[in-house]
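**Student:** Structure below; questions to follow.
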Amino acid sequence: MRVFLVRHGQTEWNVAGRAQGHSDVGLDETGYAQAEKVAGVLEEEGINKIFSSDLQRCIETADPLVNRLGIDLQTYSDLRERTFGELEGSHYTEIRAYFSAESRVQGLEPFEIRPEGGESLKDVWKRLGKIHRTLERESRNVALFTHGGTCGLLLARLIRSQVATASSFRFENGAITELRRRPDGIFQLIRFADTSHLR
Numbered sequence: 003m004r005v006f007l008v009r010h011g012q013t014e015w016n017v018a019g020r021a022q023g024h025s026d027v028g029l030d031e032t033g034y035a036q037a038e039k040v041a042g043v044l045e046e047e048g049i050n051k052i053f054s055s056d057l058q059r060c061i062e063t064a065d066p067l068v069n070r071l072g073i074d075l076q077t078y079s080d081l082r083e084r085t086f087g088e089l090e091g092s093h094y095t096e097i098r099a100y101f102s103a104e105s106r107v108q109g110l111e112p113f114e115i116r117p118e119g120g121e122s123l124k125d126v127w128k129r130l131g132k133i134h135r136t137l138e139r140e141s142r143n144v145a146l147f148t149h150g151g152t153c154g155l156l157l158a159r160l161i162r163s164q165v166a167t168a169s170s171f172r173f174e175n176g177a178i179t180e181l182r183r184r185p186d187g188i189f190q191l192i193r194f195a196d197t198s199h200l201r
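Take a look at the structure:
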């Protein structure tokens, strides 16, 4: 059984460097083109199920593959990006400064910090537990369309790493990460954040 983690295509907020979180931003022209290229690669991979975050940018990225394979799209709010609360829509330079300052003031690790009205990475890690368990039980190949931060956290869970390592993973828009579940139930990383199909 294989899992293909796909980060959604490009949006205008990605280009502007703004944190989208739960904001329902759609793809831009480049993002739609990336979605078609993702579908062109994945339609040959024997995919039987397609999961997606319920946010527009992920659904729009999944749609070309859904149409080519004729498979129903299963959406999950648990696959959303973390919500940044009051910081949502802010530039990432502001968000990094906030987390750096809060880490010093609160004496917490960055993954433990929760903005007002938002989630910490630890919160999202827990939220993804249900998805992780679903994938552990799944017998068929799954394409899963989600967000950059969520890709990192889910990957860390699947390879039995720690929440702290997830922030070191980087996924460009339209990147594909492939894992294979071994007989012992552990997921093995086959390819990481591949964007060769976008060139």
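Going by our numbering, the residue at position 57 of the sequence shown is 59; the numbering climbs one at a time, nothing skipped. Each residue gets a CB set at the ideal place from its N, CA and C atoms; glycine is no exception.
By Cβ distance, which residues of its chain are closer than 6 Å to Gly154, with the 5 residues on each side in sequence left out?
**Tutor:** The answer, listed in chain order, is Ala168 and Phe171.
**Student:** How long is the line joining the alpha carbons of Glu83 and Gly23, rounded to whole angstroms?
**Tutor:** Their backbone Cα atoms lie some 5 Å apart in a straight line.
**Student:** Which of helix, strand or coil does DSSP assign to Gln12?
**Tutor:** Coil.
**Student:** Give me the residue from Ala64, Met3 and Glu111 with the minimum Cα distance to Gln36.
**Tutor:** Taking only the C-alpha atoms, the option nearest Gln36 is Ala64.
**Student:** Rounded C-beta distance between Phe86 and Gly33? I'm assuming under 8 Å.
**Tutor:** Contact flag wrong, Cβ pair sits at about 20 Å.
**Student:** Please report the distance separating the alpha-carbon of Asn16 from that of His10.
**Tutor:** Taking the straight line from one Cα to the other gives about 11 Å.
**Student:** Decide if Glu31 is buried, meaning its Cβ has at least 16 other Cβ atoms within 10 Å, or exposed.
**Tutor:** So Glu31 counts as exposed.
**Student:** Would you tell me roughly how many angstroms separate the C-alpha atoms of Glu62 and Gln76, rounded to the nearest one?
**Tutor:** Cα to Cα, the separation comes out at about 13 Å.
**Student:** Looking at His199: is its Cβ nearer than 8 Å to the Cβ of Val40?
**Tutor:** Yes. Within cutoff.
**Student:** Can you name the start and end residues of the beta strand (DSSP E) that Asp196 belongs to?
**Tutor:** From DSSP, the beta strand (DSSP E) with Asp196 extends over Phe189 to Asp196.
**Student:** Which of helix, strand or coil does DSSP assign to Thr179?
**Tutor:** Three-state result, Thr179: strand.
**Student:** If we define contact as Cβ-Cβ less than 8 Å, is Gln36 a contact residue for chain B?
**Tutor:** Looking at the structure shown, chain B is missing, and only one protein chain is on hand.
**Student:** Is Ile133 near the ligand ADP - that is, is its Cβ less than 7 Å away from at least one heavy atom of it?
**Tutor:** Because no ligand of any kind appears in the structure shown, any question about the ligand ADP cannot be addressed here.
**Student:** State the start and end residues of the unbroken alpha helix (DSSP H) segment that holds Gln108.
**Tutor:** Residues Tyr94 to Gln108.
**Student:** Using beta-carbon positions only, say whether Ile49 and Phe101 come within less than 8 Å of one another.
**Tutor:** No, the pair does not count as a contact, with Cβ atoms beyond the cut-off.
**Student:** Residue range of the beta strand (DSSP E) that Thr77 falls in?
**Tutor:** That run of the beta strand (DSSP E) goes Leu75 to Tyr78.
**Student:** In whole angstroms, what is the alpha-carbon distance linking Arg193 and Ala177?
**Tutor:** Roughly 10 Å separates the two Cα atoms.
**Student:** For the beta strand (DSSP E) containing Thr148, list its first residue and its last residue.
**Tutor:** Run containing Thr148: Val144 to Thr148, per the beta strand (DSSP E) assignment.
**Student:** What is the C-beta distance between Pro117 and Leu89, in whole angstroms, given that I count them as a contact (C-beta under 8 Å)?
**Tutor:** At roughly 5 Å, the Cβ-Cβ gap stays under 8 Å, so Pro117 and Leu89 are in contact.
**Student:** Excluding the five sequence neighbours on either side, which residues of its own chain have a C-beta within less than 8 Å of the C-beta of Arg20, listed in chain order?
**Tutor:** Once the five neighbours on either side are set aside, the close Cβ partners of Arg20 are Gly91, Ser92, His93 and Tyr94.
**Student:** Classify Arg159 as helix, strand or coil using the three-state DSSP reduction.
**Tutor:** DSSP places Arg159 in helix when its eight states are reduced to three.
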